[in-house]
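A.B. asks: Right, I'll just put the structure down here and ask away after.
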Amino acid sequence: MRNKPLRLHWLDIALIVGLGLAIAFVWYRIDGALNYKWRWEIIPNYILRWHEEKQRWVPNILLQGLITTIRISLYAGVLALVLGVILGIARCSTNLAVRMLARTYLEVLRNIPPVVVVFIFFFFLSEQLVSAFNIEGWARSIAKQENKDVWEFFFGDMRRFPSLISGVIVLALFESAFVGEIVRAGIQSVGKGQHEAAQSIGMSKPDQLRFIVLPQALKKVVPPMANQFISLIKDSSIISLISVQELTFKTVELVASTRAIFEAWITTAVLYFIICFSLSMLFRKLEKPAEINR
Amino acid sequence: MKCKRFSFSTALLVFVMAALTTPAMAQQASKSLSSESAIETIKKRGAIKIGLSIFKPWSMRDKNGELIGFELDVGQKLADDMGVDAEFIPTAWDGIIPALVAGKFDVIISGMTTTPQRNLTINFTDPYAYSGLTILANSKMTEGMTLEDYNSEDVTFAARRGATPATLIAEMFPKAKLLLFDEDGASTQEVINGKAHASMASEPTPSSEARRYPDVLSVPFGETFSATGEAFGLRKGDPDAMNFFNNWINMHTKNGWLKNRNDYWFRGDDWADKVPEE
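Going down the list, the sequences are from chains A and B.
Letter by letter, the first sequence follows residues 1 to 294 in our numbering.
Letter by letter, the second sequence follows residues 295 to 572 in our numbering.
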């Protein structure tokens, strides 16, 4: 099946030529109608710039935004995974109260648009959280320290830490609803025979879950999980609305400062594509062993 | 089994009720907190948190990605006079007033025009700058039109959502169609593309845009509209902060510092090499 030689059918050639003509036509129309002066030469400076004093290349606003987006997606992803697995297990529990609570949380967060969830959380809840735990005072004291480089590597400017935390938490809460449903589907797809076999050799319920059910369930749901994490990276652009300094927000600032609308947004699209595509490649590597084992 | 379920449900109920009362108590605590002045919070913190939104030339990013502009000068001078650090928090314009009310920063210094609607939610100080609005028009589409001709159903305006020009266009030209966008760049692009006849924005944006696209855009009328003044925005119920900011603005208006900075950023072109410009 794999050794079929690659031959070009006349249909392939016709499709490629047709596609090329369509793209060229659309581009010609856009270029004529838009009346826009392209200024690509200013973009590289906004990604990396030469710092005179330090005598080395320093990331400028687009790269800073990219790093913040990666941080946010990573922390929110890990948190969403943990919360989602707990939620998925809760959904399959025999206890009615636990099941109902999990169901309510899931349905509420799944059926409200993410923008609305972000605004509600940010303006009502996050301020209470931040003042209750005095996160701002703590973050500020770290920002004044001398050896804050480690903190800055993981969290960026520590003075902006409270808004970063709000963004990560709301993103994790929102995505955990979807991850929970995926995990539930995985758990329920593990055959009843497995549960019965584990019970017959005397395993307790928690041990059953930990050693038999969860490993199989999680392996089965790697494709939809990959989907969800890529979706998380894209949803992280929503928290630019609460002024977290991630890539989308920095691009809005760049456009407002230089009026280079198309160059800035196209560059940002490419940067997002690079992150999401690398993640998708990583997940494909994870799926491969699962296929062979079957 | 039944006993277990009953005790579990009771425990759950107690927990839920406790969780519901905690935000109510926090609410009361935050009400008494807000009676404390922003000045005290700033002194305790050692830094003043200033909310702003990128808007040329009030505030913008230069080639090094740093914030520069009129607001940055004003904020830094204010912080120096108070003896604290200045922290600038770039915020999306649509959410800047809710963010102030929610306590994300102490004051808005972002070229915000004093309007009655905004004043119902937040307090404004005395004005520290007066910039008027002018019309930026597509030269071909609006050739020979007088000011009254703009108020007709065939005319389309483009403006930034939530900003003063949008409200002013709706008042001055009620018959014309109004398209709203998230940023000035997008509304100017509409006019350049010919999808809208004109846009309105605070000077110096219309003049600099007309200079950049001289064959497409023009500023047809020399008069500026609605020069009511921009002021600092602060939370309601804070007489100490209001008194402090008003006196600070008054002092620097009288000694000419504010006018000096305003002329540098708005009338001149000296800073043009710090930002990429056509």
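We treat Cβ as the ideally placed atom computed from N, Cα and C, and that holds for glycine.
(1) Taking the beta strand (DSSP E) that valine 401(B) falls in, what are its first and last residues?
(2) Is it buried or exposed, valine 310(B), if we count other Cβ atoms within 10 angstroms and call 16 or more buried?
(3) Can you tell which of Lys343(B), Phe349(B), Met536(B), Ile429(B) has the C-alpha that lies nearest to the C-alpha of leucine 515(B)?
(4) Is there at least one Cβ from chain A nearer than 9 Å to lysine 357(B)'s Cβ?
(5) Which of the three DSSP states is assigned to leucine 346(B) in this structure?
(6) Measure how close the beta-carbons of threonine 419(B) and asparagine 540(B) come, nearest whole angstrom, since I'm counting them as under 8 Å.
(7) Suppose contacts are defined by Cβ-Cβ distances below 9 Å. Is valine 308(B) in contact with isoleucine 336(B) by that definition?
(8) With 16 other CB atoms within 10 Å as the buried threshold, where does proline 289(A) fall?
(9) Check whether the region 73-84 of chain A touches the region 169-185 of chain A, counting contact only when three or more Cβ pairs, one atom from each stretch, lie closer than 8 Å.
(10) Start and end of the beta strand (DSSP E) containing proline 514(B)?
(11) What are the boundary residues of the alpha helix (DSSP H) that includes histidine 9(A)?
(12) Tell me which residues share the same chain as proline 459(B) and place their Cβ nearer than 7 Å to its Cβ, disregarding the 5 neighbours each side in the sequence.
(13) So isoleucine 254(A) contacts chain B; which residues on that side make the cut at Cβ distance below 8 Å?
(14) Quick one: grab the DSSP three-state call for arginine 184(A).
(15) Measure the alpha-carbon distance for aspartate 509(B) versus serine 433(B) and round it to whole angstroms.
(16) From the DSSP secondary-structure annotation, give me the bridge partner or partners of histidine 195(A).
(17) Which of the three DSSP states is assigned to isoleucine 429(B) in this structure?
(18) Would you mind telling me which residues of chain B sit closer than 7 Å to phenylalanine 123(A), beta carbon to beta carbon, in chain order?
(19) Just reading off the beta strand (DSSP E) that proline 384(B) is part of, what are its end residues?
(20) Is the CB-CB distance between glutamate 181(A) and arginine 71(A) below 9 Å?
(21) What does proline 59(A) pair with, by DSSP beta-bridge criteria?
(22) May I ask you to report which of helix, strand or coil DSSP gives methionine 158(A)?
(23) Mind checking methionine 354(B): buried by the 16 CB within 10 Å criterion, or exposed?
(24) Rounded to whole angstroms, what's the CA-CA distance from glutamate 524(B) to threonine 407(B)? Just pull it up for me.
(25) Applying the criterion that 16 or more other CB atoms from any shown protein chain within 10 Å of the CB defines a buried residue, is serine 372(B) buried or exposed?
(26) If we ignore side chains and look at the alpha-carbon of each, how far apart do valine 213(A) and glycine 88(A) end up?
(27) Can you tell me which of the three DSSP states asparagine 487(B) falls into?
(28) Under 9 Å, Cβ to Cβ, is there at least one residue of chain A near arginine 339(B)?
(29) Tell me where the beta strand (DSSP E) around leucine 474(B) begins and ends.
(30) Flag phenylalanine 211(A) as yes if its beta-carbon sits less than 9 Å from any beta-carbon of chain B, otherwise no.
(31) I need the DSSP call for glutamate 572(B), collapsed to helix, strand or coil.
(32) Bridge partners of threonine 450(B), per DSSP?
(33) Rounded to the nearest angstrom, how far is the Cβ of arginine 56(A) from that of asparagine 358(B), given a contact under 8 Å?
(34) Express the C-alpha separation of phenylalanine 133(A) and aspartate 476(B) in angstroms, rounding to a whole number.
(35) Just to confirm, are isoleucine 275(A) and leucine 62(A) a CB contact at a threshold of 9 Å?
(36) Should arginine 259(A) be flagged as near chain B, meaning a C-beta pair shorter than 9 Å?
C.D. replies: Based on what the coordinates show:
(1) For valine 401(B), the enclosing beta strand (DSSP E) begins and ends at 401-407.
(2) Classification for valine 310(B): exposed.
(3) Inspection of the sequence shows that residue 515(B) is occupied by phenylalanine rather than by leucine. Of Lys343(B), Phe349(B), Met536(B), Ile429(B), the residue nearest in Cα terms is Ile429(B).
(4) Lysine 357(B) counts as touching chain A.
(5) If DSSP states are grouped into helix, strand and coil, leucine 346(B) belongs with the strands.
(6) So it is a contact: roughly 5 Å between Cβ atoms.
(7) No, they are not a contact pair.
(8) Result: exposed.
(9) A contact exists between the region 73-84 of chain A and the region 169-185 of chain A.
(10) Here proline 514(B) belongs to no beta strand (DSSP E), and DSSP marks it neither H nor E.
(11) For histidine 9(A), no alpha helix (DSSP H) run applies, since DSSP gives it neither H nor E.
(12) Correct list, in chain order: Leu427, Ala453, Met494, Ala495.
(13) According to the sequence as given, residue 254(A) is leucine; it is not isoleucine. Within chain B, the residues whose beta carbon sits less than 8 Å from that of leucine 254(A) are Arg355, listed in sequence order.
(14) Arginine 184(A): helix per DSSP, three-state reduction.
(15) The alpha-carbon separation between aspartate 509(B) and serine 433(B) amounts to approximately 8 Å.
(16) Among the bridge pairs identified by DSSP, histidine 195(A) is matched with none.
(17) Strand at isoleucine 429(B).
(18) Per Cβ cutoff of 7 Å: Pro392, Ala396.
(19) Per DSSP, proline 384(B) belongs to the beta strand (DSSP E) from 379-384.
(20) With contacts defined as CB atoms closer than 9 Å, glutamate 181(A) and arginine 71(A) fail to qualify as a contacting pair.
(21) Beta-bridge analysis with DSSP links proline 59(A) to Leu48(A).
(22) Helix, per DSSP.
(23) That one is buried.
(24) So the alpha carbons of these two residues sit roughly 4 Å apart.
(25) In the sequence under discussion, the amino acid at residue 372(B) is leucine, which differs from the serine named in the question. Answer is buried; the Cβ neighbour count reaches 16.
(26) Taking the straight line joining both Cα atoms gives about 12 Å.
(27) Correct three-state label for asparagine 487(B): helix.
(28) Cβ-Cβ to chain A under 9 Å: yes for arginine 339(B).
(29) Residues 471-475.
(30) No, because no Cβ of chain B sits closer than 9 Å to the Cβ of phenylalanine 211(A).
(31) Interpretation of glutamate 572(B) is limited by its pLDDT of 43, a score under 50 that renders its predicted location unreliable; the figure taken from the coordinates is listed afterwards. In the structure shown, glutamate 572(B) sits in coil (DSSP, three-state: anything other than H, G, I, E or B).
(32) Paired residues: Lys471(B).
(33) Actually they do not touch by this definition, with Cβ atoms about 14 Å apart.
(34) Cα to Cα, aspartate 476(B) sits roughly 35 Å from phenylalanine 133(A).
(35) No.
(36) Yes - at least one Cβ of chain B is within 9 Å of the one on arginine 259(A).
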